[in-house]
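Novice:
Protein chains in written order, with this note's numbering: chain G, 282 to 569; chain Y, 34 to 456.
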């Protein structure tokens, strides 16, 4: 029972961490290596508004998410657009931005354990004899809502359809009058907001620490590689695969090996099926 | 008018005489203390602050008498980053070497902090014949084993704080008190994947089993772990009554928050638990860390009356830094500077061989008891009685305060159980 419950929770947490990365890559083909840094930054900004300026918690979260969206858009418009199409440069540029954010936070004194966000709902409940705190239930609920919302957004809204068009074939989308750079900016903004949302949902379970940024980036990359780079649904499925594999590893081998699961998943996927589970486009390239 | 002028002159002259000794000391060439510390982490910054406090006090009192010349201490800190996850040991060694070669450190005080890095640095210190006092975080028993085994090579290294084997002795004695008072006898060990914690957890498991405790399991966590829920469920399902924690990462406060949220009926006992050592722990866990026990290695890192110097140091630290002594490296780092001053003054020289010979003869009543080094292995001599040796300290968080509960000779309160553990 504990494997099932915590497997679902862990999987949804991984999906939350990875969705923003998958979305940005799927549309703009830019691997946003600043993803983990944005996750952590949203936590610190929320903390600053909440604890430093004494704003309402919900308002602090909203402001933080809006700021993350603006940051994502600016990063694309002023940095990544210049190196778009040059894969190595994209990685170096985005990773450098992430590094600057994280190490800048550390340099600015955001270190130690005193940076915490309160849980949305205090307390815990027993399900099948297993204790679960309400915040994890909130994570599951929001996670499911975000996945559904993202699906609806990309299927029933003009912008969402344009984003999908870009993801499927950028040249065809251009011919249909879709502004690819604008869509990439929108994707980057939404991706950054999703990273920020993952942060404000998951960080109340622990502390806001700079190191989380690096871990979240590795986990997001693992999920996206296993799911197939650019595939959002693949990312969700991969999150469940890795999420359950991690929990099974903790139960039967020990917590020590939890992070190894994600790294092994990357290695095995790249050896056995480099396109991942749903990386259709890449798979076609591989066949050719 | 004339008399008034004489009066002013007399006052100025008197003031000049009062200030002169200090000014003279400061004018002399300073003695450079190289401090290799992981400054972004508790065991680095607490040591940094404590060293600076001691240096300021000594300099204000005129400095160090080196063969009749008063010389001030100067502090050079270099970040070893050795407590950061994923940073290789070579970074710390580089910092140590830079302090010796570039900053021309006369002595080293402080780290490296992580046992792996400190052990590796010992050969480097021997190569440069630099007297070094380890003061924070370096708990591995391998230190004094190495010095005892190859004295001529490692004789320049001293350790002024407690180490893992002594910690286990103190913890087992405290466990016994808990067993006698509350009848608890089942322990689950949770350790961070670093040398001192793995080693400490292993030793504690063996010793506890030998003393009739049921050790239900050991869970090892990589540095930087932020989710401990499955380990806590394992402990709960196994029927653990004490969670023995060995972690120096700040994320360990998350473990306590999750322990509270899950209402795990086991008393958290940090053999090394950096998060719970800090005064900010209460706020960081929003009070969820109440009842957490934590070994702060030496007295003076939490309020007690171990010696007349304990609270004097405690209050001076709080006044200077605006926060109470925060981690296990505070009182020992502070004392290291005084012990070094004492040895230099007796040696009358900065020569490594002369100073180390005097350090071996140290016998000083300090912040956490009588400070003496074992001349064969250069480990500070521990004791449960501050009159006999360096005394340890185990605290429990009670109603927002750090209350020393062990050893009895310095305890300020009794160990309590959380409400959900009371029958």
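Backbone N, C-alpha and C fix where the C-beta goes; we use that ideal spot for every residue, glycine too. Since the structure is predicted, the reported quantities are computational estimates derived from the model, not experimental observations.
Under 7 Å, Cβ to Cβ, is there at least one residue of chain G near residue 264/Y?
Specialist: It does; some Cβ of chain G falls within 7 Å.
Novice: Would you say residue 266/G lies against chain Y (beta-carbon separation less than 7 Å)?
Specialist: Chain G is shown from 282 up to 569; residue 266/G falls before or after that span and cannot be answered.
Novice: If you drop the 5 nearest sequence neighbours on each side, which residues of the same chain put their C-beta closer than 6 Å to that of residue 35/Y?
Specialist: In this predicted model, residue 35/Y has a pLDDT of only 49, less than 50, meaning its place in the structure is not dependable enough to derive any value.
Novice: Looking only at C-alpha atoms, which of 257/Y, 234/Y, 263/Y sits nearest to residue 277/Y?
Specialist: Of the candidates 257/Y, 234/Y, 263/Y, the one whose C-alpha sits nearest the C-alpha of residue 277/Y is 234/Y.
Novice: Taking only three categories from DSSP, how would you classify residue 106/Y?
Specialist: Note: residue 106/Y maps to strand in three-state DSSP.
Novice: Whole angstroms is fine: what's the gap from residue 300/Y's alpha carbon to residue 330/Y's?
Specialist: So the two alpha carbons sit approximately 19 Å from each other.
Novice: Give me the Cα-Cα distance between residue 330/G and residue 341/G, rounded to the nearest whole angstrom.
Specialist: Approximately 5 Å, taken between the alpha carbons.
Novice: What does the alpha-carbon distance come out to for the pair residue 381/G and residue 490/G?
Specialist: Cα-Cα distance, rounded: 15 Å.
Novice: By Cβ distance, which residues of its chain are closer than 7 Å to residue 198/Y, with the 5 residues on each side in sequence left out?
Specialist: Excluding positions up to five away in sequence, the list reads 174, 236.
Novice: If the cut is a Cβ gap below 9 Å, which residues of chain G does residue 313/Y touch?
Specialist: Chain G residues near residue 313/Y: 393, 394, 395.
Novice: So the beta strand (DSSP E) residue 69/Y belongs to, where does it begin and stop?
Specialist: Segment 64-70, the beta strand (DSSP E) holding residue 69/Y.
Novice: Between the beta-carbon of residue 317/Y and the beta-carbon of residue 365/Y, is there less than 7 Å?
Specialist: Taking 7 Å as the Cβ cut-off, residue 317/Y and residue 365/Y do not qualify as a contacting pair.
Novice: Whose CA, out of 482/G, 540/G, 448/G, lies closest to the CA of residue 425/G?
Specialist: The residue with the shortest Cα to Cα distance from residue 425/G is 482/G.
Novice: Compare the C-beta of residue 337/G with all C-beta atoms of chain Y and state if any pair is closer than 7 Å.
Specialist: By this cut-off, residue 337/G is not an interface position.
Novice: Under 7 Å between beta-carbons, which chain Y residues line up against residue 298/G? List them in chain order, please.
Specialist: The contacting residues do not exist; residue 298/G stays about 12 Å from chain Y at best.
Novice: Does residue 365/Y have its Cβ less than 7 Å from a Cβ in chain G?
Specialist: With 7 Å as the cut-off, residue 365/Y does not count as an interface residue toward chain G.
Novice: Quick check: is the beta carbon of residue 407/G nearer than 7 Å to any beta carbon in chain Y?
Specialist: For residue 407/G, the answer is no, since every Cβ of chain Y falls outside 7 Å of its Cβ.
Novice: Please go through the region 312-340 of chain Y and give each complete alpha helix (DSSP H) segment of 4 or more residues, from N-terminal end onward.
Specialist: Listed in chain order, the complete alpha helix (DSSP H) runs (minimum 4 residues) inside the region 312-340 of chain Y are 314-317.
Novice: Contact check, residue 468/G vs residue 444/G under 8 Å by CB: the rounded distance?
Specialist: That belief holds up - the Cβ atoms of residue 468/G and residue 444/G are roughly 6 Å apart, short of 8 Å.
Novice: Could you please give me the residues that DSSP links to residue 279/Y through a beta bridge?
Specialist: Paired residues: 224/Y, 305/Y.
Novice: Chain Y beta carbons: is any one of them nearer than 7 Å to that of residue 376/G?
Specialist: No, no contact with chain Y.
Novice: If I follow the unbroken beta strand (DSSP E) through residue 434/Y, where does it start and stop?
Specialist: Looking at the DSSP string, the run of the beta strand (DSSP E) that includes residue 434/Y is 434-439.
Novice: Go through its chain and collect everything with a Cβ distance to residue 138/Y's Cβ below 8 Å, but skip five positions before and after it.
Specialist: 65, 66, 67, 109, 132, 163, listed in sequence order.
Novice: Can you name the start and end residues of the alpha helix (DSSP H) that residue 294/Y belongs to?
Specialist: Counting along the chain, the alpha helix (DSSP H) containing residue 294/Y begins and ends at 285-295.
Novice: Using C-beta distances below 7 Å, list every residue in its chain close to residue 270/Y, excluding the 5 sequence neighbours before and after it, in chain order.
Specialist: Excluding positions up to five away in sequence, the list is empty.
Novice: Would you call the region 501-508 of chain G and the region 544-561 of chain G in contact, with 3 or more CB pairs under 8 Å?
Specialist: Enough Cβ pairs lie closer than 8 Å, so yes.
Novice: Could you give the residue range of the alpha helix (DSSP H) that holds residue 552/G?
Specialist: Segment 539-553, the alpha helix (DSSP H) holding residue 552/G.
Novice: Grab me the residues of residue 479/Y's own chain with a C-beta within less than 6 Å of its C-beta, minus the 5 sequence neighbours each way, in chain order.
Specialist: As displayed, chain Y neither begins before 34 nor continues past 456, which places residue 479/Y out of reach and without an answer.
Novice: Return the CA-CA distance between residue 352/Y and residue 358/Y, expressed in angstroms with no decimal places.
Specialist: If I take the Cα positions, the gap works out to 10 Å.
Novice: Using the Cα positions of residue 386/G and residue 257/Y, report the straight-line distance between them to the nearest angstrom.
Specialist: Roughly 17 Å between the two C-alpha positions.
Novice: Check residue 252/Y in the structure and name its three-state DSSP category.
Specialist: In this structure, residue 252/Y counts as strand in the three-state DSSP scheme.
Novice: Should the region 336-352 of chain Y be regarded as contacting the region 376-385 of chain Y, the criterion being three or more beta carbon pairs within less than 8 Å?
Specialist: Too few Cβ pairs lie closer than 8 Å, so no.
Novice: By DSSP, does residue 443/Y sit in helix, in strand, or in coil?
Specialist: Reduced to three states, the DSSP call for residue 443/Y is coil.
Novice: Within the same chain, show all residues whose beta-carbon is closer than 7 Å to that of residue 87/Y, passing over the 5 residues directly before and after it, in chain order.
Specialist: Same-chain partners within the cutoff: 367, 370, 371.
Novice: In the region 357-406 of chain Y, which residue ranges form an unbroken beta strand (DSSP E) of at least 3 residues, counting only runs that do not cross its ends?
Specialist: With a minimum length of 3 residues, the continuous beta strand (DSSP E) runs that stay inside the region 357-406 of chain Y are 397-399, 402-404.
Novice: State the beta-bridge partners of residue 449/G as determined by DSSP.
Specialist: Answer is none; residue 449/G lacks a bridge partner.
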